[in-house]
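A quick write-up on the structure given underneath.
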Amino acid sequence: MAVRRSIIAGCAAVVLALGAAASVHAQAGRVVAITGTDAMKYSVATIDAKPGEKLTVKLTGQGAIPKVAMAHNFVLLAAKTDANAFAQAGAMSRPTDFIPPAMKDKVLAATKLAGNGETVEVTFDAPKEPGVYTFICTFPGHFAAGMKGTLTVK
Ligand SMILES: [Cu+2]
């Protein structure tokens with residue numbers, strides 16, 4: 003009985019492992035590679051997507067300034083979100099990677115912070131509703147310096 007149970011458990015583990023590998027591959031979606039620099043700009047500021055399209059944004063920090071003073075993230079905001087208010091509230095939220103806890107419901111997708119030489123990524127489904135969605139870097143001062151872009155769903 004114990005032997006039979008372990009064989010069944012073993013088979014289940016293999017099936018689970020195969021399933022996980024297959025779904026990781028399927029979940030990557032279209033990759034959008036973006037670089038964030040010390041100039042506080044995204045190398046890609048406009049992204050087009052189909053409604054509901056699966057996307058993986060990979061953001062790489064590139065520069066010479068230490069992470070504590072210069073890091074970047076990619077935060078996609080829900081339609082009609084006040085990006086300026088979000089960035090200002092975010093600037094005071096270092097423990098949550100500058101994403102304001104009170105406005106968390108406005109976040110459609112977000113990466114962690116990438117310092118110089120680091121790459122962070124997030125996989126998400128583009129909104130189903132056609133429109134123009136704003137993405138911003140919430141590191142203090144970066145949105146004000148122009149670190150923003152748009153995801154156009156059409
Ligand atoms: Cu930034």
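All letters in the sequence shown, in the order written, are residues 3 to 156 by this note's numbering. Yeah, the Cβ is synthetic: ideal placement off N, Cα and C, and Gly gets one too.
query	result
Cβ shell of Tyr-159 (< 7 Å), same chain only, five flanking positions each side left out	In the structure as shown, the chain starts at 3 and stops at 156, and residue 159 therefore has no counterpart that could be examined.
Reference Ala-104, options Val-59, Glu-131, Ala-112, Ala-91, closest by Cα	Ala-91
Gly-38 beta carbon near ligand 1 (any heavy atom closer than 8 Å)	yes
C-alpha gap between Phe-145 and Thr-62, whole angstroms	17 Å
Nonlocal neighbours in the same chain, by C-beta distance under 6 Å from Asn-134, ignoring five residues either side	Rather than Asn, the amino acid found at residue 134 in this sequence is Val. These residues qualify, in order along the chain: Thr-152, Thr-154.
N-terminal and C-terminal residue of the beta strand (DSSP E) that Phe-76 is part of	Here Phe-76 belongs to no beta strand (DSSP E), and DSSP marks it neither H nor E.
Neighbour-count burial assignment, Thr-136, 16 or more Cβ in a 10 Å radius	buried
Met-72 and Asp-40 closer than 9 Å at C-beta	yes
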